[in-house]
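> Questions regarding the structure given below will be posed in turn.
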Amino acid sequence: MIKRFTLLLLIIFIVLLGLLFVWKNQKLNTTNVDANLEEISTPESVDLLLNFSEDVFVRDIKIFNNEGESIEATRETEDDAWILQEPPAQDSTDSKAISDIVSSLELTTVDMTLADFTEFDTIGLKVPSYRIELGLSDGSTHEIQIGNETITNSQYYVRFDQSPPKVVSKINIDRVLDLINTPPIIPTSTPQPEITTTEGSP
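Per the numbering used here, the very first residue in the sequence shown carries number 27; after that it's consecutive.
Okay, here's the thing in structure tokens:
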């Protein structure tokens, strides 16, 4: 009788030990899954070329090339329309076009930072091809210098203020630079002269 009772206790102990082992494995797997999900769902930090605070906006933008050409557009508030200041335009400024271009510039990300690089002449930043000056709503001004294209012809070497050179995609930068060659204006329609006919004319 005692042997049977002891055997029963042993069987119960083995069963409980097995259940404990299974429970620990399930808990470990759940922890690993949660960790993986957290790693997947946590976005990597994005390095923006223009890292301004959210309550600051671009109020003035000037673009210069090394041939002496320039263009400037301004606005008073974030909701105001952009006005082309230089060159002066007889037609209306395409404010939406400028807003879209400035927004894309604000979203430009940095592909690479050349932290200890100082040979600016080799990447076109000793004498930049273009300069973009930004006046912000907080009164500060900043400059983006545009250098050479990278070897892939899909990126530019740029420098923001006095920071180390960076590599960024050409797409958004080219949209800004194109403002010099194609000023954002809406041509004013010219009224067509009225044609009058006299009675008896063919």
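Every residue gets a Cβ at the ideal spot worked out from N, C-alpha and C, and that includes glycine. Given the structure is predicted, the values throughout are model-derived calculations rather than measurements.
Quick check on DSSP: helix, strand or coil for D147?
In the sequence shown, the residue the question calls residue 147 occupies position 121. In this structure, D147 counts as helix in the three-state DSSP scheme.
> Using 8 Å as the cut-off, can you tell me whether the segment 201-216 makes contact with the segment 101-115, which would need three or more C-beta pairs spanning the two stretches below that distance?
Touching, yes, given that three or more Cβ pairs across the two stretches are closer than 8 Å.
> Touch check for the segment 83-99 and the segment 157-177: three-plus C-beta pairs under 8 Å?
With a cut-off of 8 Å, the segment 157-177 and the segment 83-99 count as touching, because enough Cβ pairs lie within range.
> Hey, how far is the Cα of F146 from the Cα of N91?
As a first step, residue 146 is located in the sequence shown; it is residue number 120 there, counting from the start. As a first step, residue 91 is located in the sequence shown; it is residue number 65 there, counting from the start. Those two C-alpha atoms are separated by around 18 Å.
> Closest by CA to I199, which one among V72, V82, N179, F78?
Your numbering for residue 199 matches position 173 in the sequence shown. The shortest Cα separation from I199 among V72, V82, N179, F78 belongs to N179.
> Pull up the distance between the alpha-carbon of A135 and that of S195, whole angstroms please.
What you label residue 135 is simply residue 109 of the sequence shown in a count that begins at 1. What you label residue 195 is simply residue 169 of the sequence shown in a count that begins at 1. Here residue 135 is Thr; the residue named in the question, Ala, does not match the sequence. Roughly 8 Å between the two C-alpha positions.
> Please report how far the alpha carbon of D204 lies from the alpha carbon of S118, in whole angstroms.
Translated into the one-based positions of the sequence shown, residue 204 becomes position 178. Translated into the one-based positions of the sequence shown, residue 118 becomes position 92. Cα to Cα, the separation comes out at about 18 Å.
> Could you check what DSSP says for I177 in three-state terms: helix, strand or coil?
The count along the sequence shown starts at 1 and reaches residue 177 at position 151. It is coil, neither helix nor strand.
> Cβ atoms of H168 and D137: under 8 Å apart, would you say?
Along the sequence shown, read from residue 1 onward, the residue named residue 137 stands at position 111. Along the sequence shown, read from residue 1 onward, the residue named residue 168 stands at position 142. The answer is no: Cβ separation not under 8 Å.
> Tell me which same chain residues have a C-beta within less than 8 Å of the C-beta of T176, skipping the five on either side of it?
The sequence position of residue 176 within the sequence shown is 150, counting from 1. Answer for T176: Y182, Y183, V193, listed in chain order.
> Where DSSP assigns a beta bridge to Q171, which residues make up the other side?
Residue mapping note: residue 171 aligns to position 145 of the sequence shown, counting from 1. According to DSSP, which records beta bridges pairwise, Q171 is partnered with R157, R185.
> How should I197 be labelled, buried or exposed, when 16 other C-beta atoms within 10 angstroms of its C-beta is the threshold for buried?
As a first step, residue 197 is located in the sequence shown; it is residue number 171 there, counting from the start. Under this definition I197 is an exposed residue.
> Give a yes or no on whether the C-beta atoms belonging to V202 and I127 are separated by under 8 Å.
As a working note, residue 202 is residue 176 in the sequence shown. As a working note, residue 127 is residue 101 in the sequence shown. The answer is yes: Cβ separation under 8 Å.
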